[in-house]
Amino acid sequence: AQTVTQSQPEMSVQEAETVTLSCTYDTSESDYYLFWYKQPPSRQMILVIRQEAYKQQNATENRFSVNFQKAAKSFSLKISDSQLGDAAMYFCAYSLIISNFGNEKLTFGTGTRLTIIP
Amino acid sequence: GAVVSQHPSRVICKSGTSVKIECRSLDFQATTMFWYRQFPKQSLMLMATSNEGSKATYEQGVEKDKFLINHASLTLSTLTVTSAHPEDSSFYICSARDRIGRDRVYEQYFGPGTRLTVT
C-alpha cells in the first residue's frame, strides 16, 4: 500500500520570505502523480500543484514550486514570497495512474499547518 | 473552473436517525466521485469510490450498510449516514473526477464539505 508522510506538523514563515514543506512517500509503482493541496480555514480543498512522476522537470505554479526526487521518494513544496493568504493546512497526496482511466484515488499525508507571520 | 457543491453545509441530527448528504458536479459530468471523512486536525481519509450506475467501492474498515452511497447520475452522488451515532460526527468531503481527461490527467474537484454533528 502507498503511504505519504509529512514530518512537519506545523511550520511558520515571515511574510515575503520563502518556506519549504517536506513530503516523502512510499510506493513500488513507477508511474504516478503527486499533489500538494491547500486547505484554508474554510475547509475547501484547493489544488496547489501537481507533478507527474514520469516528468523529470519540477512543476512550478507562480510562487509555488516543487523539488521532486523520484529515487529518494521525496516531494517538497517551496513557497516563495509568502503572503498572508498562504496560511492554511497543506496536504501532500499521491495517486496511482491506472491505464486509460486516469487518476485513481488520492492518498493524503497528515498535513502541515503553515502560519504566516506579518 | 469546475465546481462541486455539497448540501447541506452543516447538519445536526439526533442519535439513531439518518442523514443524507448530496454532492453535485455543477458544470461537468463526473463518472467517478469520492467520499472522504476528516476528523478535526486530521487528514482526509477515503471512505468510498462511487461510480455512476454501479455499486460503490468501500475502503477497508468502512461499513457499507452504515454509509450508503448512491451515484444515480453523472452529476449527483449521495452519502446517507444511517442510524447515526455521536462517533459519526465529522467533516465529510466529496470530490468529483472530470470525465474528460487531458494528458492522462483526470482532475479531481472537491466540494466545500459537510459538517455533521450527531447529538
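Protein chains in written order, with the working numbering: chain A, 143 to 260; chain B, 35 to 153.
For each residue, glycine too, the CB sits at the ideal point set by N, CA and C.
With a threshold of 16 other CB atoms inside 10 Å of the CB of residue i, please say whether the residue is buried or exposed.
i: residue 143 of chain A; result: exposed
i: residue 247 of chain A; result: buried
i: residue 198 of chain A; result: exposed
i: residue 168 of chain A; result: exposed
i: residue 37 of chain B; result: exposed
i: residue 251 of chain A; result: buried
i: residue 244 of chain A; result: With a pLDDT of 49 at residue 244 of chain A, under the threshold of 50, the modelled position of this residue cannot be trusted; read the value that follows with caution. Classification of residue 244 of chain A: buried, given that the 10 Å Cβ count is 16 or more.
i: residue 236 of chain A; result: buried
Could you tell me the alpha carbon to alpha carbon distance between residue i and residue j, rounded to whole angstroms?
i: residue 230 of chain A; j: residue 257 of chain A; result: 7 angstroms
i: residue 219 of chain A; j: residue 71 of chain B; result: 25 angstroms
i: residue 170 of chain A; j: residue 212 of chain A; result: 11 angstroms
i: residue 81 of chain B; j: residue 90 of chain B; result: 10 angstroms
i: residue 67 of chain B; j: residue 152 of chain A; result: 31 angstroms
i: residue 147 of chain A; j: residue 166 of chain A; result: 5 angstroms
i: residue 118 of chain B; j: residue 96 of chain B; result: 14 angstroms
i: residue 49 of chain B; j: residue 233 of chain A; result: 32 angstroms
i: residue 40 of chain B; j: residue 57 of chain B; result: 5 angstroms
i: residue 177 of chain A; j: residue 202 of chain A; result: 12 angstroms
i: residue 53 of chain B; j: residue 159 of chain A; result: 46 angstroms
i: residue 183 of chain A; j: residue 124 of chain B; result: 16 angstroms
i: residue 92 of chain B; j: residue 73 of chain B; result: 18 angstroms
Report yes if the C-beta distance between residue i and residue j is below 9 angstroms; otherwise report no.
i: residue 150 of chain A; j: residue 224 of chain A; result: no
i: residue 55 of chain B; j: residue 115 of chain B; result: yes
i: residue 131 of chain B; j: residue 65 of chain B; result: yes
i: residue 145 of chain A; j: residue 254 of chain A; result: no
i: residue 193 of chain A; j: residue 210 of chain A; result: yes
i: residue 216 of chain A; j: residue 164 of chain A; result: yes
i: residue 43 of chain B; j: residue 109 of chain B; result: no
i: residue 228 of chain A; j: residue 239 of chain A; result: no
How close, in whole Å, do the beta carbons of residue i and residue j come, if the pair is a contact with beta carbons under 8 angstroms?
i: residue 5 of chain B; j: residue 113 of chain B; result: Because chain B is modelled from 35 through 153, residue 5 of chain B falls outside the range shown and cannot be assessed.
i: residue 175 of chain A; j: residue 188 of chain A; result: 17 angstroms between Cβ atoms; not a contact.
i: residue 185 of chain A; j: residue 147 of chain B; result: 5 angstroms
### Query
Where in the region 73-113 of chain B do unbroken runs of the beta strand (DSSP E), each at least 3 residues long, occur, reported from the N-terminal end onward?
78-85 and 101-107
### Contiguous beta strand (DSSP E) assignments of at least 3 residues, all confined to the region 150-209 of chain A
152-156, 161-163, 166-168, 174-181 and 188-194
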